[in-house]
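Residue numbers for the sequence shown follow the numbering used here, so the first one is 8 and each next one is one higher. Virtual Cβ for every residue (Gly too), placed ideally from N, Cα, C.
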Amino acid sequence: MFKTLKNDLPASIVVFFVALPLCLGIALASGAPLFSGLIAGIIGGIVVGALSGSKIGVSGPAAGLAAIVLTAIGSLGGYQNFLVAVVLGGVIQIVFGVLKAGIIGYYFPSSVIKGMLTGIGIIIILKQIPHFFGYDAEPEGADSFLETSGENTFSAILNITDNITMGSMVIGLIGLAILLLWDRVLSKKGKIFQIIQGPLVAVVLGIVFYVVTQGSSLAINPSHLVSVPVPEDAASFIGQFSFPNFSAITNPKVWLVAFTIALVASLETLLCVEATDKIDPHKNVTPTNRELLAQGTGNIISGLIGGLPITQVIVRSSANIQSGGRSKLSAIIHGFLLLISVILIPRLLNMIPLSVLASVLLIVGYKLAKPGLFKKMYDMGWKQFIPFVVTVLGIVFIDLLWGIGLGLLVGIAVILIKSYQNSHFLNIEDKSDGKHTIKMTLAEEVTFFNKGAILKELEALPIDTYLEIDVRKTRYLDNDIIEILEDFAFKAKERNIDIQIISERGVVENPDSFIEFFKLRPITS
């Protein structure tokens with residue numbers, strides 16, 4: 008893990024700056040103490056990061072749970088009663104992990120996962136534009152179309168012109184220019200610019216700008232800065248922690264909230280795991296059941312000391328990947344940075360303009376939602392494009408869970424219309440004769456429902472294997488299966504696994520690209 012410290016340390020700093028305002032903003036949107044968001048971020052980084060099998064996933068409080076938390080605190084009679092539900096939710100997640108419920112994550116089609124990534128990227132951009140110009144009516148981290156301020160995502164953008172904070176806008180533009188210069192030019196000029204990340208430079212300049220412009224027309228009001236709780240002494244710091252009131256454990260409402268938290272947090276985590284594995288350049292595969300165990304443990308600890316519920320989150324995870332994070336050390340260090348900073352330098356953190364952090368998130372959002380992806384999905388055909396677009400629109404105009412749910416329903420409808428489920432989708436045959444040879448024969452119809460089983464068989468192949476994949480009878484091969492084969496080819500080279508494709512067009516050894524190979528085969532109708 009420490010072999011990649013040179014990659015993980017700079018990435019952890021970027022993730023720290025992304026996580027800080029989101030932890031505070033999600034706590035504010037949840038109607039919980041601000042410190043509770045920081046607790047969840049710290050536990051998500053250190054505890055979940057250490058226990059998780061994900062190399063690049065980052066956990067913390069999630070915007071998708073904010074509405075649930077806000078309602079639950081009121082219905083359960085206070086925050087301490089709600090913490091009991093968080094602890095129980097963690098226990099239920101561990102039960103999910105023991106029962107191997109993590110396999111659920113494999114049954115979401117690739118088009119929906121890509122729609123989720125793109126939708127989150129778009130919503131990050133739309134939500135950060137007001138903060139970039141110094142209009143901070145909505146807390147950082149909110150993702151719902153209808154905002155707590157009474158506006159919606161688009162009306163907030165239209166109202167920017169009447170609410171521009173000049174100082175915030177100026178330092179936001181400077182920060183964005185630095186980030187673009189770093190990303191496009193300086194990062195390619197030398198290692199020093201890879202070690203010292205652009206977001207760190209932008210944040211330092213933001214603090215300097217705030218200090219220097221005090222008393223001028225560009226002065227930034229504290230309401231447009233990060234707002235970390237500042238304890239006066241050790242006793243007041245400890246006083247920020249809350250503890251669950253376990254006398255409420257007999258309340259049926261507490262158990263209902265606990266199960267809701269466990270279910271939603273587990274679903275968001277599994278979707279995030281699938282999404283981060285897909286954009287991971289090193290194609291690591293996260294063990295999903297272990298992830299549920301890690302998340303459950305994190306939620307138990309977070310609930311015991313006053314933190315919000317935790318999930319793996321795509322914004323921080325994608326920032327980690329984009330910044331070059333290679334191992335779980337990045338997530339762990341970001342957790343320690345949160346802990347150390349809120350103890351030692353909370354006043355310094357409170358000099359960071361929100362507009363600078365918005366510029367960092369704008370870059371993260373753009374990299375998740377590049378316009379070229381829409382054309383790429385369109386070129387793949389309507390069976391991929393329609394669920395993708397529905398997922399994106401659902402996330403932008405409602406929220407994350409609704410978008411994913413609608414996309415999944417459309418994806419299932421497409422599959423039911425275009426294909427039928429074949430129970431004999433895969434036949435495994437051991438043909439070893441001197442060398443370990445496995446033949447996999449795919450059936451006439453293979454859909455994303457078969458993704459988990461095929462992935463499991465591929466992952467179980469030993470090193471030094473000769474794999475024959477017979478697709479001569481296959482008339483429909485879902486894009487998800489092709490992507491699994493494409494990703495597996497990357498790992499097959501490391502495990503000395505040779506792959507032979509037996510098709511109607513002949514036999515091909517170790518094709519350069521499965522995606523390009525299957526484009527040439529008329530297997531879809």
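Contact under 7 angstroms by Cβ, residue i with residue j
i: Phe89; j: Ala73; result: no
i: Gly51; j: Ile317; result: yes
i: Ile268; j: Pro17; result: no
i: Gly414; j: Val397; result: yes
i: Arg482; j: Glu451; result: yes
i: Tyr473; j: Asp505; result: yes
i: Asp150; j: His231; result: no
i: Gly126; j: Ile33; result: no
i: Ala226; j: Gly182; result: no
i: Ile7; j: Phe456; result: Residue 7 lies beyond the stretch modelled for the chain, which goes from 8 to 532, so this question has no answer here.
i: Val25; j: Arg323; result: yes
i: Gln135; j: Ser249; result: no
i: Ile366; j: Leu356; result: It is Ser, not Ile, that sits at residue 366 in the sequence shown. In this structure, Leu356 does not lie closer than 7 angstroms to Ser366 by Cβ.
i: Leu345; j: Gly48; result: yes
i: Gly71; j: Glu275; result: yes
i: Leu484; j: Phe521; result: no
i: Leu77; j: Ser37; result: yes
i: Phe103; j: Ser273; result: yes
With 16 other Cβ atoms within 10 Å as the buried cut-off, status of residue i
i: Glu516; result: exposed
i: Asn170; result: exposed
i: Asn503; result: exposed
i: Gly85; result: exposed
i: Pro251; result: buried
i: Trp389; result: exposed
i: Asn327; result: buried
i: Gln221; result: exposed
i: Asp471; result: exposed
i: Leu277; result: buried
i: Ser118; result: buried
Extent of the continuous beta strand (DSSP E) run through residue i
i: Glu516; result: Gly513 to Glu516
i: Asp505; result: Asp505 to Ser510
Where residue i sits in the DSSP three-state scheme
i: His431; result: Reliability of the predicted coordinates at His431 is poor, the pLDDT of 46 falling under 50, and the value obtained from them is presented with this limitation in mind. In this structure, His431 counts as coil in the three-state DSSP scheme.
i: Pro229; result: helix
i: Asp287; result: coil
i: Gly332; result: coil
i: Thr220; result: coil
i: Asp386; result: helix
i: Thr304; result: helix
i: Asp519; result: coil
i: Gln319; result: strand
i: Val76; result: helix
i: Glu493; result: helix
i: Gly197; result: coil
i: Asp240; result: coil
i: Gly246; result: coil
Beta bridge counterpart(s) of residue i as assigned by DSSP
i: His443; result: Thr472
i: Glu452; result: Tyr483
i: Leu153; result: Asn159
i: Thr398; result: Answer is none; Thr398 lacks a bridge partner.
i: Asp477; result: Thr448 and Ile509
i: Pro360; result: Leu232
Range covered by the alpha helix (DSSP H) that runs through residue i
i: Ala144; result: Run containing Ala144: none; DSSP gives neither H nor E here.
i: Asp15; result: Leu12 to Ala36
i: Asn6; result: In this structure the chain extends from 8 to 532, so residue 6 is not present and cannot be described.
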